[in-house]
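Participant: Each protein sequence line maps, in turn, to chains L and U.
Count along the first sequence from 1, then add 1041; that gives the number in this note's numbering.
Count along the second sequence from 1, then add 27; that gives the number in this note's numbering.
Every residue, glycine too, gets a C-beta built ideally from N, C-alpha and C.
Since we're looking at a predicted model, the values are computed, not measured.
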Amino acid sequence: MIRYVIPAVLFAVLVGFLYVGLDLNPREVPSPFIGKTAPAFELPELGNSERKLTPEDMKGQVWLLNVWATWCPGCRQEHDTLLRLSQQNIAPIIGFDYKDEPDKALAWLRQLGNPYLLVVEDLDGRAAIDWGVYGAPETFIIDAAGIVRYKFIGPLNDAAVAQDIVPWIEKLKAEAKS
Amino acid sequence: MIPEIGHFALVLALCVSFVQAVVPLWGSLTGRASWVALAAPSAQLQAFLVAISYAVLTWSFIISDFSVLYVANTSNTELPMIYRISGVWGAHEGSLLLWALILSGWTLAVSLFSRGIPSVMLARVLSVMAMISVGFLLFVLITSNPFERLFPVPVEGQDLNPLLQDFGLAVHPPMLYMGYVGFAVAFSFAIAALIGGRLDMAWARWMRPWTALAWAFLTVGIALGSWWAYYELGWGGWWFWDPVENASLMPWLVGTALMHSLAASEKRGVFKAWTVLLAVFAFSLSLLGTFLVRSGVLTSVHAFASDPERGVFILGFLVATIGCSLLLYAWRAPRLMRSGSFSAVSRESGLLLNNVLLVVFCATVLLGTLYPLALDALNMGKLSVGPPYFNTVLIPLGVPLAIAMGIGSLVRWKQDKLSRIAKGLALAAVASLLAGAVVPWLMGGYFWGAVLGSALGTWVILTTCQALIERFKNKGLSVASAKQVPSSFYGMCLAHVGIGVLIIGITLTSHYSVEKDLRMAPGEVFDVSGYRFEFVGVTEEEGPNYDAFVGLVKVTSGGKQVAELYSEKRRYRVQTMPMTEAAIDPGLFRDLYVALGEEIGSDGAWAVRIYYKPFVRWIWLGCLMMGAGGILTVLDRRYKLASRRELRAQAVQPQQVTA
Chain L
1042 MIRYVIPAVL FAVLVGFLYV GLDLNPREVP SPFIGKTAPA FELPELGNSE
1092 RKLTPEDMKG QVWLLNVWAT WCPGCRQEHD TLLRLSQQNI APIIGFDYKD
1142 EPDKALAWLR QLGNPYLLVV EDLDGRAAID WGVYGAPETF IIDAAGIVRY
1192 KFIGPLNDAA VAQDIVPWIE KLKAEAKS
Chain U
28 MIPEIGHFAL VLALCVSFVQ AVVPLWGSLT GRASWVALAA PSAQLQAFLV
78 AISYAVLTWS FIISDFSVLY VANTSNTELP MIYRISGVWG AHEGSLLLWA
128 LILSGWTLAV SLFSRGIPSV MLARVLSVMA MISVGFLLFV LITSNPFERL
178 FPVPVEGQDL NPLLQDFGLA VHPPMLYMGY VGFAVAFSFA IAALIGGRLD
228 MAWARWMRPW TALAWAFLTV GIALGSWWAY YELGWGGWWF WDPVENASLM
278 PWLVGTALMH SLAASEKRGV FKAWTVLLAV FAFSLSLLGT FLVRSGVLTS
328 VHAFASDPER GVFILGFLVA TIGCSLLLYA WRAPRLMRSG SFSAVSRESG
378 LLLNNVLLVV FCATVLLGTL YPLALDALNM GKLSVGPPYF NTVLIPLGVP
428 LAIAMGIGSL VRWKQDKLSR IAKGLALAAV ASLLAGAVVP WLMGGYFWGA
478 VLGSALGTWV ILTTCQALIE RFKNKGLSVA SAKQVPSSFY GMCLAHVGIG
528 VLIIGITLTS HYSVEKDLRM APGEVFDVSG YRFEFVGVTE EEGPNYDAFV
578 GLVKVTSGGK QVAELYSEKR RYRVQTMPMT EAAIDPGLFR DLYVALGEEI
628 GSDGAWAVRI YYKPFVRWIW LGCLMMGAGG ILTVLDRRYK LASRRELRAQ
678 AVQPQQVTA
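Quick look at the structure:
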């Protein structure tokens, strides 16, 4: 008798896992850079290669690094959300133009609006490797001490900004003050 | 107005399927013949309504009615007509509607072609199918309504995902769904039998052609998917152990086991409880596949359009369907009478071994697919399980399966002698070992995998031929005796030879493919396996909804031109997504495959991928043979004769309607 019940029991266990799995995000891979100093780079500004930016320059404030490119449909998707976030004026967003064509990138910002304080250009994708970028879009939050604290993978949306990004920024700002 | 007709038809279909789920079943339990008689007409009405709904959605695609949200999201005025029609199932909502359409199609077929089956049994089968239909129609209507309107109406649609703008994708999902959903028929027969407690050899005979048909569709569907991935993704791979591929492989494995255990149940009346369980599993795994694709619990290239809310619904549906059937099984299966005995050396034992191996194979795939999810759910970290796991674990399982397969088709029912079998197989064994030694030598390199694979493939083919010869031994070879052999036997032989061909194809293409990533400037040549590839250059061309760079590679062999390969790098205008269209010169013994990468430098040089793939076509050829074998089984005149005989029996003795 018992053996005829086994399939039902196994299935119940499976359902348990599937149910928990629904709330998990399989694409969320923990970044090994969380809690480490922001990897260094020295990259030219988009459209003005004379000026260079390094993460050091941003020290003392909580800031976001948003990896994007014109070839990336997800970046187009999150662009409006980014514009709204930048209008809230709670933290500067640095754009990280990843393996892109500068002309197209500039045209994109003219056309769609520019949410970034500044955009750096990573033509060959070297710096992106140091940051552990494996796709675009990705968004990092770096605290005032220059440590990467949070990474969001995939296109941002308003819900994610309200639930994740803004609380993180506020928490890190509070930390910086105390 | 027209989309609302589709929506309304779908709601009506839901109501009808609700009636079909409850009334005939209740009638069959309480002995009301008129309620039982409602099963077939309601099934037909339901199929008609779902078809209307589907036709309306297709029409909205054809006329580019962007006031329908789904059409606006997945179509475009520049999209060629064929992809507008196939675009209907190009995303979540429409593919679910296709699922519902195919389910109602199978229900319709069962209601039309089951005249030999007692009306009570048929009513229960159709009721169970309607329960599934209720679940799916509710899913479509509540979470994924394809007829939702959009206001203001956009001028232009978002276009179909460029990956899906392809002939292979136009045919892959319908085929696959025919297989997935086809197992719903076997499932419903199993549940109906559990409800009625009637599990005899006639039951197995009713169920078998439906199972074989669904299995044949699934086989061809998987093969089409693999073929599509091969030429469309531009990597030349044909199987990636992606969770969604696994999701289609698992019902196939269990379905294969089911076909074999059904054979034993039909001929000898054994393994009945096991057969029921396999039928439940095959369909459950199809549903699980739908869940995995549609809920986004696993990372996969196929998991576009995923949504946790939908996931909860499917999970609930899964629990209701599978949970109830397993509980019903736990309640009813102990009462199933055992009949028939067999000795350790017999066809029955062989089939049992086959079943055990196939189910373990399937469990292994399931484990590999769900392991990352389970670890994540237990908070034990993230990991991904890839080809190394599957290749390492599955090859040791595949080897005994192939060996047993060769022996199994020669063993007699009930009882046999080892010595008799061994004598018959000695020649095939020697020839296979010889093939294992010679084929790798011909291909130009020894690998243990290649030796093993060519020997096993040859073994399967030769032993199957041997079974065919034995069948004719006593009768002599003539047209008359060939006609006497049931077509299901030919089907079995064809499918088994298909497996052999598949094994050889997989082995040789895995070990002897040559893959080169090159930088080629115009005029440069490269030699691969006796072929000279000359990169002529790249031109720009314009397609209906994309712009393309077209690279020409001329292939010559010994000074003679073999092929002109035009591979493309497309950029679809709406979704601005780059796509690679590989150029392939196919052949029975080798494919020449060229894919265009990126432009490098300013001298017109491009990154070019050149692949030489020996015997890769054998993979899909083998699958087609298996599919054809399944069809031959369905055509067996035994099923027609049987149903005619039962019809006569029914005419003499009116069917009693009892619980």
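(1) List the endpoints of the continuous alpha helix (DSSP H) containing Ile422 of chain U.
(2) Would you mind reading off the limits of the beta strand (DSSP E) that contains Leu592 of chain U?
(3) Beta-carbon within less than 7 Å of Arg235 of chain U's beta-carbon, same chain only, minus the 5 sequence neighbours each way: which residues are those?
(4) Between the region 1099-1128 of chain L and chain U, which residues of the former have a C-beta closer than 9 Å to a C-beta of the latter?
(5) Scan the region 1173-1206 of chain L for residues whose Cβ lies nearer than 8 Å to a Cβ of chain U and list them as they occur along the chain.
(6) Return no unless some Cβ of chain L is closer than 7 Å to the Cβ of Ile89 of chain U.
(7) Output the distance between the C-alpha atoms of Lys1093 of chain L and Phe1181 of chain L, rounded to the nearest integer angstrom.
(8) Whose Cβ in chain U lies nearer than 8 Å to the Cβ of Ala1049 of chain L?
(9) Could you tell me which of U:Pro613, U:Val661, U:Gly117, U:Lys581 sits nearest to Val635 of chain U, measuring between CA atoms?
(10) Is Pro361 of chain U close to chain L, meaning its C-beta is less than 7 Å from at least one C-beta of that chain?
(11) Measure the Cβ-Cβ separation of Pro423 of chain U and Val412 of chain U and say whether it is below 7 Å.
(12) On the DSSP bridge list, what partners appear for Leu240 of chain U?
(13) Considering just the uninterrupted stretch of the alpha helix (DSSP H) at Thr536 of chain U, what are its terminal residues?
(14) Under 8 Å, CB to CB, which of the residues in the region 602-626 of chain U have a partner in chain L?
(15) So with CB distances below 7 Å, who are the chain L contacts of Ala404 of chain U?
(16) Quick one: give me the first and last residue of the beta strand (DSSP E) that Val582 of chain U is part of.
(17) Name the residue from U:Glu375, U:Ala300, U:Phe344 whose alpha carbon lies nearest to the alpha carbon of Leu355 of chain U.
(18) Count the other CB atoms within 10 Å of the CB of Asn501 of chain U; is the residue buried (16 or more) or exposed (fewer)?
(19) Under 8 Å Cβ to Cβ from Val182 of chain U, same chain only, skipping five residues before and after it: list those, please.
(20) Contact criterion: CB-CB distance below 7 Å. Does Phe1052 of chain L meet it with respect to chain U?
(21) Is DSSP giving Phe1137 of chain L helix, strand or coil here?
(22) Tyr1045 of chain L touches chain U at which residues, Cβ-Cβ below 7 Å?
(23) Alpha carbon to alpha carbon, what distance is there between Val487 of chain U and Leu203 of chain U?
(24) Does Val346 of chain U get closer than 7 Å to chain L when you measure Cβ to Cβ?
(25) Distance cutoff 7 Å, beta carbons only. Does Ala401 of chain U sit that close to anything in chain L?
(26) Quick one: grab the DSSP three-state call for Ile1075 of chain L.
(27) Following the continuous alpha helix (DSSP H) through Tyr1157 of chain L, name the residue where it begins and the one where it ends.
(28) Between the C-alpha atoms of Val212 of chain U and Asn381 of chain U, what's the straight-line distance to the nearest angstrom?
(29) What residues from the region 129-159 of chain U come within 9 Å of chain L, judged by C-beta to C-beta, listed N to C?
(30) Which residue wins for smallest C-alpha separation from Arg151 of chain U, given the options U:Trp116, U:Phe214, U:Arg176, U:Tyr110?
(31) Please check if any C-beta of chain L sits within less than 7 Å of the C-beta of Gly282 of chain U.
(32) Compare the beta carbon distance of Val43 of chain U and Gln71 of chain U with 7 Å and say whether it is the shorter of the two.
(33) Can you tell me whether Gln680 of chain U is buried or exposed, with buried defined as 16 or more other CB within 10 angstroms of its CB?
(34) Taking Cβ positions, are Leu489 of chain U and Ala455 of chain U nearer each other than 7 Å?
(35) For Val339 of chain U, go through chain L and note every residue whose CB falls closer than 9 Å to its CB, in chain order.
(36) So which of U:Phe560, U:Val601, U:Glu567, U:Ile144 has the shortest CA-CA distance to Val589 of chain U?
Facilitator: Per the coordinate set shown:
(1) Here the question's residue 422 of chain U lines up with position 395 in the second sequence. The continuous alpha helix (DSSP H) containing Ile422 of chain U extends over residues 414-435.
(2) By one-based count along the second sequence, residue 592 of chain U stands at place 565. 587-599 is the span of the beta strand (DSSP E), which, as asked, contains Leu592 of chain U.
(3) Here residue 235 of chain U refers to the residue found at position 208 of the second sequence. Only Leu289, Glu293 meet the Cβ criterion.
(4) Thr1111, Trp1112, Pro1114, Arg1117
(5) none
(6) Stepping through the second sequence from its first residue, residue 89 of chain U is reached at position 62. It does not: the Cβ of Ile89 of chain U has no partner Cβ on chain L nearer than 7 Å.
(7) Along the first sequence, one-based indexing puts residue 1093 of chain L at 52. Along the first sequence, one-based indexing puts residue 1181 of chain L at 140. Between the alpha carbons of Lys1093 of chain L and Phe1181 of chain L lies a distance of about 20 Å.
(8) Mapped onto the first sequence, residue 1049 of chain L falls at position 8. The answer, in chain order, is Gly350, Leu353, Leu354, Tyr356, Ala357.
(9) The sequence position of residue 635 of chain U within the second sequence is 608, counting from 1. For Val635 of chain U, the nearest C-alpha among the options comes from U:Lys581.
(10) Stepping through the second sequence from its first residue, residue 361 of chain U is reached at position 334. Taking Cβ atoms only, chain L reaches closer than 7 Å to Pro361 of chain U, which makes this a yes.
(11) For this step, residue 423 of chain U is matched to residue 396 along the second sequence. For this step, residue 412 of chain U is matched to residue 385 along the second sequence. Contact flag unset, no.
(12) Stepping through the second sequence from its first residue, residue 240 of chain U is reached at position 213. In the DSSP output, where bridge partners are listed per residue, Leu240 of chain U has none listed.
(13) Numbered from its first residue, the second sequence carries residue 536 of chain U at position 509. 514-539 is the extent of the alpha helix (DSSP H) around Thr536 of chain U.
(14) Gln602, Thr603, Met604, Pro605
(15) The count along the second sequence starts at 1 and reaches residue 404 of chain U at position 377. Here the neighbours are Phe1058, Val1061, Gly1062, Leu1065.
(16) In the second sequence, the residue the question calls residue 582 of chain U occupies position 555. From DSSP, the beta strand (DSSP E) with Val582 of chain U extends over 573-584.
(17) Indexing the second sequence from 1 puts residue 355 of chain U at position 328. It is U:Ala300 whose Cα lies nearest to the Cα of Leu355 of chain U.
(18) Start at 1 with the first residue of the second sequence, and residue 501 of chain U comes out as number 474. By the neighbour-count rule (16 or more Cβ atoms within 10 Å), Asn501 of chain U is not buried but exposed.
(19) In the second sequence, the residue the question calls residue 182 of chain U occupies position 155. Hits under 8 Å: Phe93.
(20) As a first step, residue 1052 of chain L must be located in the first sequence, where it is residue number 11. Output row for Phe1052 of chain L: interface = yes.
(21) Position 96 of the first sequence, counted from the start, is the residue given in the question as residue 1137 of chain L. In the structure shown, Phe1137 of chain L sits in a strand (DSSP, three-state: E or B).
(22) Stepping through the first sequence from its first residue, residue 1045 of chain L is reached at position 4. The answer, in chain order, is Tyr356, Ala357, Ala360, Pro361.
(23) In the second sequence, counting from the first residue as 1, residue 203 of chain U sits at position 176. In the second sequence, counting from the first residue as 1, residue 487 of chain U sits at position 460. Roughly 26 Å separates the two Cα atoms.
(24) One-based indexing of the second sequence puts residue 346 of chain U at position 319. Chain L contact via Cβ: present.
(25) Here residue 401 of chain U refers to the residue found at position 374 when the second sequence is read from its first residue. For Ala401 of chain U, the nearest CB of chain L lies under 7 Å from its own CB, placing it at the interface with that chain.
(26) Locating residue 1075 of chain L in the first sequence gives position 34, counting from the first residue. Ile1075 of chain L falls in the coil class under three-state DSSP.
(27) Translated into positions along the first sequence, residue 1157 of chain L becomes position 116. Premise fails: Tyr1157 of chain L is in no alpha helix (DSSP H) and is neither H nor E.
(28) Residue numbering aside, residue 212 of chain U sits at position 185 when the second sequence is read from its first letter. Residue numbering aside, residue 381 of chain U sits at position 354 when the second sequence is read from its first letter. The straight-line gap from Cα to Cα measures roughly 23 Å.
(29) none
(30) Taking the first residue of the second sequence as position 1, residue 151 of chain U is located at position 124. Nearest of U:Trp116, U:Phe214, U:Arg176, U:Tyr110 to Arg151 of chain U, Cα basis: U:Phe214.
(31) On the second sequence, residue 282 of chain U is found 255 positions in, with the first residue counted as 1. No, no contact with chain L.
(32) Along the second sequence, read from residue 1 onward, the residue named residue 43 of chain U stands at position 16. Along the second sequence, read from residue 1 onward, the residue named residue 71 of chain U stands at position 44. No.
(33) Within the second sequence, numbered from 1, the residue matching residue 680 of chain U stands at position 653. Low local confidence applies: a pLDDT of 47 at Gln680 of chain U is under 50, so the model's placement there is unreliable, with the coordinate-based value given in what follows. So Gln680 of chain U ends up on the exposed side.
(34) Sequence index remark: in the second sequence, residue 489 of chain U carries index 462 (1-based). Sequence index remark: in the second sequence, residue 455 of chain U carries index 428 (1-based). Closer than 7 Å, so yes.
(35) Within the second sequence, the letter at position 312 stands for residue 339 of chain U. Those are Tyr1060, Leu1063, listed as they occur along chain L.
(36) Here residue 589 of chain U refers to the residue found at position 562 when the second sequence is read from its first residue. With respect to the C-alpha of Val589 of chain U, the residue from U:Phe560, U:Val601, U:Glu567, U:Ile144 having the closest C-alpha is U:Phe560.
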